[in-house]
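Chains as they are written, first to last, in this note's numbering: chain C, 229 to 383; chain Z, 229 to 383; chain U, 1214 to 1378; chain E, 1214 to 1378.
Data block below; observations after.
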Amino acid sequence: ATLRFERTFEDVRGNFRELFMRLFGGGQADIVAVDAEDPLESGVRILASPRGKTLKNVSALSDGERALTAVALLFALYLVKPSPFCLLDELDAPLDDSNIDRFVDLLRSFMEKTQFIVITHNKRTMEAADILYGITMQESGVSTATTVRLEEVEA
Amino acid sequence: ATLRFERTFEDVRGNFRELFMRLFGGGQADIVAVDAEDPLESGVRILASPRGKTLKNVSALSDGERALTAVALLFALYLVKPSPFCLLDELDAPLDDSNIDRFVDLLRSFMEKTQFIVITHNKRTMEAADILYGITMQESGVSTATTVRLEEVEA
Amino acid sequence: MRLKRLQMIGFKSFADAFELNFQEGITAIVGPNGCGKSNVAEAVRWVLGTQSPNELRVDRMEEVIFAGSEERKSLGMAEVTLELDNRDRTLPVDFDEVSITRRLFRAGESEYLINGNKCRLMDVTDLLVDEGLGSNGYWILERAMVETILSNRPEDRRFLFDQAA
Amino acid sequence: MRLKRLQMIGFKSFADAFELNFQEGITAIVGPNGCGKSNVAEAVRWVLGTQSPNELRVDRMEEVIFAGSEERKSLGMAEVTLELDNRDRTLPVDFDEVSITRRLFRAGESEYLINGNKCRLMDVTDLLVDEGLGSNGYWILERAMVETILSNRPEDRRFLFDQAA
Ligand SMILES: Nc1ncnc2c1ncn2[C@@H]1O[C@H](COP(=O)(O)OP(=O)(O)OP(=O)(O)O)[C@@H](O)[C@H]1O
Ligand SMILES: Nc1ncnc2c1ncn2[C@@H]1O[C@H](COP(=O)(O)OP(=O)(O)OP(=O)(O)O)[C@@H](O)[C@H]1O
Ligand SMILES: [Mg+2]
Ligand SMILES: [Mg+2]
């Protein structure tokens, strides 16, 4: 089991470093296995530094930078073991417009292998989707489906 | 001290119930003092139900409903003890467009007594502000001020 | 394998029958605050077999059953069905289409069905486990999970690597 | 009382001198992710006297001093000044304008100044306490604080009511 963890860890690490640079347009990041007494329990520390900043623990990043780092790690895991679908609930909320574009580009590049379902209030993410499903509560307290056209979307 | 807490509690409670209905356009909410062994430590439980739903603990609400409920409580406290300024860092991130409008209306109604400083990525909130300050990192890692015109804002 | 359709009734705010047909590519789910979007994500987690109320924002599992509203009485059952396209035989069963159903009755009994036949929870999780589709995997992410992934404690992230191994 | 100006140098990502003039009404601070907006909110919390690194996303207080970047060396001091319009004499001092300054040196000494005169931390907090402007009040809110206000434990909210009392 330890061997499997170590092999997976190295694969994810390679992917994470590359995806971080892609999402941040530069900078560097890394993950480090932290030895617990029991190798089966060892944790993983994330180090990340956007372009031009010094490499630090992920807790020193801003809200948007943290969300983007989590997305880089998520897709690094995907590359090792893809899953047929992925559901993301308002992960784009803290991102600015240019980071949303990078986020959406990344989703598009994984579309071959994975179906994405994205819950969002952000119009830029909606524009990038292939299909929009609306949910509403015409009668208070009861959810129903509704048709949505992008022009009339109230985010 | 207990008497002071009880008097403050009742005032905040009245404000909270009214502000909640204003922000949610209906529904009802309440706060209940929860007796701890030591009255000085007693906690406060929040019950809230948007229009048409049954009154529940605040943990059953959606992300957006939770953020709006917190804003209602914040302003209920303000009415009891106004503070000359208030700084809100991306509180509008989980809100949809119509709730952002209500949030901004509420800020406007308190503008007499309080200066508001709002950190946001949301264009609707930016449009409602009286002045916009831009911050950028032209040289990576170093923050500086920049002038902002709404048309060119990259949220 | 591909997701084809999600059907539910009586799950959280979905008192009436609800259906969502999935497409290739990116599907966006939109709507005002509190309308039921996150409930859809939780319905998927639930039908995949989660046993932890914590992942569904409830204290006891019965709270996922429609609890009533101003105009409606509470219901006695919640039911969610997920239909999968299995033509590429990713799932180890000899069917082109696989549907997984979960039901919970207010009295507490739960039922699991694969293609309409009653089965045990273990049959559902065994079916999915090779594909790594357990209920708390990295393929269903919300803001709270992002905080866990980025937490200060390195051991909090370990489960992600075990899922991918 | 009204906020007039915030000036800072060497605080977090603000290596160069930075100034923000406050107006009546609503001021919005905007910019891309990671550019330093939340650092401005923390500078205000810091100059009001907070002693808890936790409120500033750091482990030790020295980490608020500019730590350097690719092209710059780290600095030896962080300084923030907040200027207030006191014509309505809300603050119990006989000045039209009150400025509060806080400095921290990498070696660990800190300095507090009111209108340019060195004083103790207690002088700053005493000045503000009647106005209820302690550093962790309900007037500086970010998403993490919202979660505290809405937490499942009723006692977590008690401090809000004590501040308003
Ligand atoms: N068992 C239940 N019965 C009826 N309604 C329920 C039940 N459980 C949750 N709800 C309702 O569902 C609503 C929450 O829905 P949900 O969290 O999916 O909203 P959302 O669309 O994600 O909103 P947001 O955009 O704010 O995140 C709450 O208002 C809650 O009252
Ligand atoms: N002592 C320090 N020296 C230099 N840079 C620092 C220091 N402390 C924090 N930073 C940098 O400040 C940046 C974070 O800024 P901040 O959190 O204010 O961003 P933000 O504008 O709020 O972004 P977002 O929109 O994503 O919330 C981080 O990238 C971090 O590296
Ligand atoms: Mg939601
Ligand atoms: Mg921020």
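Backbone N, C-alpha and C define an ideal beta-carbon position, used for all residues, glycine too.
- Between U/Glu1322 and the set U/Gly1345, U/Asn1299 and U/Glu1292, the nearest pair of CA atoms involves U/Glu1292.
- Taking C-beta separations shorter than 7 Å and ignoring five residues to either side along the sequence, the partners of C/Gly292 in its chain run Pro322, Leu323, Asp324 and Asn327, following chain order.
- Look at E/Tyr1351 here: in three-state DSSP terms it is coil, with no helix or strand label.
- Checking the DSSP bridge columns, you'll see Z/Ser277 partnered with Z/Gln256.
- Nearest Cα to U/Asn1330 within the set U/Ile1313, U/Asn1252, U/Leu1295 and U/Ala1241: U/Ile1313.
- U/Phe1231 has its Cβ no nearer than 8 Å to any heavy atom of ligand 1.
- The Cβ-Cβ distance between C/Gly362 and U/Val1277 does not fall below 9 Å.
- With distances taken between CA atoms, Z/Val308 lies nearest to Z/Phe338 out of Z/Thr282, Z/Phe338 and Z/Leu319.
- When C-alpha distances from U/Leu1346 are compared across C/Glu355, C/Glu367, C/Pro310 and C/Val262, the shortest belongs to C/Pro310.
- Look at C/Gly369: its beta carbon is at least 8 Å from all of the heavy atoms in ligand 3.
- Any heavy atom of ligand 2 within less than 5 Å of a residue's beta carbon puts that residue on the list, which reads C/Lys281, C/Ser290, C/Asp291, C/Gly292, E/Lys1225, E/Ser1226, E/Asn1246, E/Gly1247, E/Cys1248, E/Gly1249, E/Lys1250, E/Ser1251, E/Asn1252, E/Phe1279 and E/Ala1280.
- Taking 8 Å as the cut-off, one finds at least one heavy atom of ligand 4 near enough to the beta carbon of Z/Asp317.
- Taken atom to atom, the span from the alpha-carbon of U/Ala1256 to that of C/Leu231 is near 36 Å.
- Here U/Lys1225 is buried: its Cβ has 16 or more other Cβ atoms, across all protein chains shown, within 10 Å.
- Looking from the CA of E/Val1260, the closest CA among E/Tyr1351, E/Asp1229 and E/Leu1341 belongs to E/Leu1341.
- A Cβ of chain U is located within less than 9 Å of the beta carbon of Z/Asp324.
- In terms of side-chain proximity, the C-beta atom of C/Ile363 is found no nearer than 8 Å to any non-hydrogen atom of ligand 3.
- Distance from the C-beta of Z/Gly271 to the nearest heavy atom of ligand 1 is not below 8 Å.
- Between U/Leu1219 and U/Leu1317, the alpha-carbon positions lie close to 17 Å from each other.
- For U/Glu1237, the neighbours in chain C by C-beta distance under 9 Å run, in chain order, Met339, Gln343 and Asp358.
- Along the region 1271-1288 of chain U, going in chain order, the ones with a CB nearer than 7 Å to a CB of chain C are Ser1282, Glu1283, Glu1284 and Arg1285.
- A direct Cα-to-Cα measurement between E/Glu1368 and Z/Arg273 gives close to 8 Å.
- Spanning the alpha carbons of Z/Val332 and Z/Thr342 requires a straight line of approximately 14 Å.
- Below the 8 Å Cβ cutoff, chain Z contributes Ser368 and Gly369 as neighbours of C/Lys281, in chain order.
- Residue-level contact by beta carbon fails for Z/Glu318 and chain U, as no gap is shorter than 9 Å.
- Short of 7 Å from the beta carbon of E/Arg1273, and not among the five residues preceding or following it, lie these beta carbons of its own chain, in chain order: Pro1266.
- Residue pairing by DSSP places U/Tyr1325 opposite U/Arg1315 and U/Cys1332 in a beta bridge.
- Per DSSP, U/Asp1298 is one residue of the beta strand (DSSP E) stretching across Met1290 to Asp1298.
- E/Arg1215 is bridged by DSSP to E/Asp1298.
- Listed as beta-bridge partners of E/Glu1310 by DSSP are E/Asp1298.
- In the DSSP annotation of this structure, U/Glu1232 is not part of any alpha helix (DSSP H); the continuous beta strand (DSSP E) holding it starts and ends at Phe1231 to Asn1234.
- In the three-state reduction of the DSSP assignment, C/Gly242 falls in the helix class, which pools H, G and I.
- Distances from the CB of Z/Ser326 to the heavy atoms of ligand 1 are all 8 Å or more.
- If you look at C/Gln343, you'll find it in the beta strand (DSSP E) that goes Gln343 to Ile347.
- With a minimum length of 4 residues, the unbroken runs of alpha helix (DSSP H) contained wholly in the region 1231-1268 of chain E fall at 1250-1260.
- Rounded to the nearest angstrom, the gap between the Cα atoms of Z/Ala276 and Z/Gln366 is 45 Å.
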